[in-house]
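If you read the sequence shown in this note's numbering, its first letter stands for residue 1, the second for the next number, and so on.
Step one of this worksheet: look at the structure below.
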Amino acid sequence: MTQILVTGGTGYIGSHTVVELQNAGYEVVIVDDLSNSNIDVLDNITKITGKKLAFEQFNLADAAKTDEFFSRNKNIAAIIHFAASKAVGESVQIPLHYYRNNLVSLMNLLDCQLKYGVANIVFSSSCTVYGQPDKLPVTESTPRKDAESPYGNTKRVNEDILHDTIHANPQLKGIALRYFNPIGAHPSALIGELPLGVPQNLVPFITQTAAGLRKELSIFGNDYDTVDGSAVRDYINVVDLAKAHVIAIERLLKGKNKAGYEVFNLGTGNGSSVLEIVNAFEKVTGVKLNYIIVPRRAGDIEKIWADTTYANNELGWKAEKGLEETLLSAWNWEKRVRRIQ
Ligand code: UD1
1 MTQILVTGGT
11 GYIGSHTVVE
21 LQNAGYEVVI
31 VDDLSNSNID
41 VLDNITKITG
51 KKLAFEQFNL
61 ADAAKTDEFF
71 SRNKNIAAII
81 HFAASKAVGE
91 SVQIPLHYYR
101 NNLVSLMNLL
111 DCQLKYGVAN
121 IVFSSSCTVY
131 GQPDKLPVTE
141 STPRKDAESP
151 YGNTKRVNED
161 ILHDTIHANP
171 QLKGIALRYF
181 NPIGAHPSAL
191 IGELPLGVPQ
201 NLVPFITQTA
211 AGLRKELSIF
221 GNDYDTVDGS
231 AVRDYINVVD
241 LAKAHVIAIE
251 RLLKGKNKAG
261 YEVFNLGTGN
271 GSSVLEIVNA
281 FEKVTGVKLN
291 YIIVPRRAGD
301 IEKIWADTTY
311 ANNELGWKAE
321 KGLEETLLSA
331 WNWEKRVRRI
341 Q
């Protein structure tokens, strides 16, 4: 069996991707420092797939540990690199932590790829690299803009590190996947998004408000130039997103890539406003949400959604799950975690 290293594999997108990789017949080894995830995720992945996986706990910014890991694991055919710090606000407070964690871990992986002959890597990037685009929807060739936060900058700089390293070492091949806004949970409700502390992202805040953990949802701004004044994003189901990673891995392993370094947008192609998300959530769950309108959040952009033509045509991949089904999956996950009937 072909072995794939999934860094950050107990995290939100990582865990869903491990499930899809195992379902597709790959052997998975996870490396995660558990700084923002729980060891129980491993059992829940196994409950879904019925397959065993290997797990090691360490931080990939530690060069010696990373090297030692590769020296013992000589059968890795490809890497999917999710492991990273991802809280935008926190990254403004402790930028060095973000730069060290997010940049050094990728550099350590690339060093080991060269040393141990691991050709393929898929990197978790983000639509944050586009900032507020001048033209919508955004294609892969839409110019990137200066990042709004150290977190966003680590995505941008990591793309450059990957591009430049592959350019200098043609034996390497890489794909950067620019995620729009991943939401929802596995239909089994066994894995999902479990933020530590107060959620920063919209959908976990909604489900926690519906579950009674939060008094009310604050909607950040209703004076944007959008359909109803609230900000617009392209929300993509996390299982759809996970499946794109399996396709990206197959593309690299089968040599179907058209360049050493490739970039794909992963979104649905549709924008939804915050109020539209709230209304869809209430409709599909039957739960009334308390919300208030508050001023815009610093650093937020007004609107963005993906042009998915390139991913659709080149990867043969398309987001399949609708918004209501996806929001219901997020609610079912929250209900299971909070033991709500
Ligand atoms: C943010 C990051 C993005 C990162 C993603 C990770 C920025 C600019 N972007 O995306 O880089 O990859 O998180 O998931 O920071 N909202 C509310 N009330 C809330 C929470 C959110 O109204 O309590 C609104 C926001 O203003 C925004 C939308 O909901 O319009 C989505 O917010 P969020 O889920 O935080 O994602 P982004 O900010 O788009």
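Ideal placement from N, C-alpha and C gives every residue a C-beta, glycine not left out.
Fair warning: this is a prediction, and the values are worked out from it, not measured in the lab.
* Asked: From H163 to Y261, what does the alpha carbon distance come to, in whole angstroms?
  -> When rounded, the distance between both Cα atoms is 6 Å.
* To do: Could you please give the first and the last residue of the uninterrupted alpha helix (DSSP H) stretch that includes H163?
  => Residues 150-168.
* What residue range is occupied by the uninterrupted alpha helix (DSSP H) comprising L289? -> Neither: L289 is in no alpha helix (DSSP H) and is coded neither H nor E.
* Using three-state DSSP, classify N237 as helix, strand or coil. => Correct three-state label for N237: strand.
* **Nearest-angstrom Cβ-Cβ length linking S125 and E159, presumed shorter than 8 Å** => Correct: roughly 6 Å between the Cβ atoms.
* Which class does L217 belong to by DSSP, given the choice of helix, strand or coil? -> Three-state DSSP puts L217 in a strand.
* Contained beta strand (DSSP E) runs [length at least 3] in the region 42-98, N- to C-terminal order -> Counting only runs of 3 or more residues that sit fully inside the region 42-98, the beta strand (DSSP E) segments are 54-56, 76-81, in chain order.
* Would you kindly work out how many angstroms separate the C-alpha atoms of S91 and V118, rounded to a whole number? => Whole-angstrom Cα-Cα distance: 31 Å.
* **Assigned exposure category for P204 - 16 Cβ within 10 Å defines buried** => Label assigned to P204: buried.
* Please name the residue in G25, Q22, I13, K52 whose C-alpha comes closest to that of S37. => Taking only the C-alpha atoms, the option nearest S37 is I13.
* **First through last residue of the beta strand (DSSP E) which encompasses R178** => Run containing R178: 173-179, per the beta strand (DSSP E) assignment.
* Which residues share a DSSP beta bridge with Q3? -> Per DSSP, E27, I76.
* To do: Pull up the distance between the alpha-carbon of T142 and that of M107, whole angstroms please.
  => One C-alpha to the other measures close to 26 Å.
* **Spatially closest choice to D300 from A248, N222, E216, E148, by CA coordinates** => Checked all of A248, N222, E216, E148; the closest Cα to D300 is E148.
* With distances taken Cα to Cα, identify the nearest neighbour of L103 among V157, G50, E56, I292. => When C-alpha distances from L103 are compared across V157, G50, E56, I292, the shortest belongs to V157.
* To do: Please classify P204: does DSSP put it in a helix, a strand, or coil?
  => It is helical.
* Asked: Does the beta-carbon distance from N120 to L266 come in below 7 Å?
  -> No, they are not a contact pair.
* Asked: Any idea which residues DSSP pairs Y261 with across the strands?
  -> Bridge partners of Y261: G174.
* Enclosing alpha helix (DSSP H) for N332 [first to last residue] -> Unbroken alpha helix (DSSP H) run through N332: 323-338.
* From what residue to what residue does the beta strand (DSSP E) around N120 run? -> N120 -> beta strand (DSSP E) spans 120-126.
* Asked: Taking C127 as the reference, which of N181, K74, A83 has the closest Cα?
  -> Ranking the options by Cα distance to C127, first place goes to N181.
* Asked: Roughly how many angstroms lie between the CA atoms of F70 and L110, to the nearest whole one?
  -> Taking the CA atoms as reference points, F70 sits about 11 Å from L110.
* To do: Just confirm the distance between the C-beta atoms of W305 and P137, as a whole number of angstroms; I'd bet it's less than 8 Å.
  => The pair is a contact, with the Cβ atoms about 5 Å apart (cut-off 8 Å).
* Could you tell me the distance, in whole angstroms, from the CA atom of L96 to the CA atom of W333? => Cα-Cα distance, rounded: 34 Å.
* To do: Decide if P150 is buried, meaning its Cβ has at least 16 other Cβ atoms within 10 Å, or exposed.
  => P150 is classed as buried because its beta carbon has at least 16 other beta carbons within 10 Å across all chains shown.
* When DSSP builds the beta bridges, which residues end up paired with V138? -> According to DSSP, which records beta bridges pairwise, V138 is partnered with A306.
* Can the beta-carbon of L53 be found closer than 7 Å to that of V28? -> Judged by beta-carbon spacing, V28 lies within the 7 Å limit of L53, meaning their Cβ atoms are closer than that value.
* Asked: In the DSSP assignment, what residue or residues form a beta bridge with L266?
  -> Assignment of beta-bridge partners to L266 by DSSP yields Y179.
* Expressed to the nearest angstrom, what Euclidean distance is found between the alpha-carbon atoms of G192 and K74? -> Those two C-alpha atoms are separated by around 31 Å.
* Does the ligand UD1 have a heavy atom nearer than 6 Å to the CB of G25? -> Checking the Cβ of G25 against the ligand UD1 gives no.
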